[in-house]
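In the numbering used here, the protein residues as written are 5 to 244. To start, the structure under review is shown below, and the notes come after it.
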Amino acid sequence: MNRPQPILILLLALLALSLLAQIVPLYTDWLWFKEVGFTQVFTIRLALNGWLFIGLGAAVFAFLFGNLSLAARTAPPDVYWELEDQLGLPGRVVIEPLIRRFMPIVLALISLAAGMRATVHWEIVLAYFNATPFGSADPLFGQDLAFFVFVLPFWRLIHGWASTLVFATIVLTLAVYVLQRSLVLTTRGPRLAAGARTHLLVLGALALGLKAIGFWLDRFDLVFSPRGIVFGAAYSDIYA
5 MNRPQPILIL LLALLALSLL AQIVPLYTDW LWFKEVGFTQ VFTIRLALNG
55 WLFIGLGAAV FAFLFGNLSL AARTAPPDVY WELEDQLGLP GRVVIEPLIR
105 RFMPIVLALI SLAAGMRATV HWEIVLAYFN ATPFGSADPL FGQDLAFFVF
155 VLPFWRLIHG WASTLVFATI VLTLAVYVLQ RSLVLTTRGP RLAAGARTHL
205 LVLGALALGL KAIGFWLDRF DLVFSPRGIV FGAAYSDIYA
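As structure tokens, this is what we get:
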């Protein structure tokens with residue numbers, strides 16, 4: 005009979021401790037909401053946290069797993085690439101089984117951490133889905149003031165999550181390509197396999213697209229600009 009591996013036991017113990025750390029304050033919150041007669045508020049928040057944890061965790065795992073699996077399947081054009089590598093890493097025959105073995109575990113831990121982090125922002129998400137118009141528009145963009153209170157923070161949250169995910173994917177994908185010898189550092193400089201080049205270009209384009217979206221969102225900060233004599237957008241902020 006195969007004995008459980010120590011690393012698996014450690015991961016399960018960490019997961020159990022993490023769940024216990026969440027359950028204890030959750031139970032005390034339930035008792036308080038029950039005492040004041042607002043159990044519906046508690047259940048709504050609990051359900052939203054659950055959806056955020058599952059939704060973002062699954063999205064992070066799927067995106068990372070898809071990209072890293074593609075990188076792991078991309079082989080160098082010939083065996084000479086591995087011979088020319090100047091980094092002195094173990095051969096692919098050693099690296100590939102380790103990637104297949106540990107990649108799902110690492111991605112699961114990253115996804116769990118991302119899902120737990122997402123639950124911290126439940127108020128922003130709840131405010132977005134229950135936004136109520138204020139009936140007054142700002143003079144610069146013509147947006148209802150509710151946009152800046154409920155909608156813009158949610159967009160920034162989504163943009164931040166997406167940017168972090170893409171950046172982490174690029175870093176991890178580069179690491180896999182280096183280990184797989186699809187990206188090698190030779191005496192003549194770095195060499196990159198065609199499939200790896202295309203993959204990294206797509207991820208780079210996605211990162212640039214998110215950067216452009218970030219600049220587009222930043223323009224709404226002009227409404228809160230403190231640089232002028234009065235608080236808000238000044239003439240130079242609008243026409244400079």
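Glycine included, C-beta positions come from ideal geometry on N, C-alpha and C. Predicted, not measured: the structure shown is a model, and the values here were computed from it.
Roughly how many whole angstroms lie between the Cα atoms of E100 and T136? 53 angstroms
May I ask you to report which of helix, strand or coil DSSP gives A141? strand
Secondary structure of R195, DSSP reduced to three states: strand
Can you tell me whether T173 is buried or exposed, with buried defined as 16 or more other CB within 10 angstroms of its CB? Counting the other Cβ atoms within 10 Å of the Cβ of T173 gives 16 or more, which makes it buried.
Within the same chain, show all residues whose beta-carbon is closer than 8 angstroms to that of A150, passing over the 5 residues directly before and after it, in chain order. A135, T136, P137, F138
Could you give the distance in angstroms between the alpha-carbon of L169 and the alpha-carbon of Y31? Cα to Cα, the separation comes out at about 32 angstroms.
Beta bridge counterpart(s) of D148 as assigned by DSSP: A141
From F42, R49, L212, V227, residue whose alpha carbon lies closest to that of E127: R49
Own chain, CB closer than 7 angstroms to Y132, minus 5 neighbours either side, in chain order: F154, V155, F158
Is it buried or exposed, L118, if we count other Cβ atoms within 10 angstroms and call 16 or more buried? Looking at the sequence provided, one finds Ala at residue 118 rather than Leu. Answer is buried; the Cβ neighbour count reaches 16.
Whether V129 touches L56 by CB criterion (9 angstroms): yes
Within a Cβ cutoff of 6 angstroms, which residues of the same chain sit near S167, ignoring the five residues on either side of it in sequence? L214
Residues that DSSP places opposite L187 in a beta bridge: L196.
Own chain, CB closer than 7 angstroms to I114, minus 5 neighbours either side, in chain order: Closer than 7 angstroms at Cβ, skipping near neighbours: V64, L68.
Please work out which residues of its chain come closer than 6 angstroms, Cβ to Cβ, to A62, disregarding the five sequence neighbours upstream and downstream, and give them in chain order. none
Outcome for A76 when other beta-carbon atoms lying within 10 angstroms are tallied against a minimum of 16: buried
In angstroms with no decimal places, state the Cα-to-Cα distance between A200 and F228. 43 angstroms
Am I right that H163 and G208 are in contact with their C-beta atoms under 8 angstroms? What's the rounded C-beta distance? The pair is not a contact, with the Cβ atoms about 17 angstroms apart (cut-off 8 angstroms).
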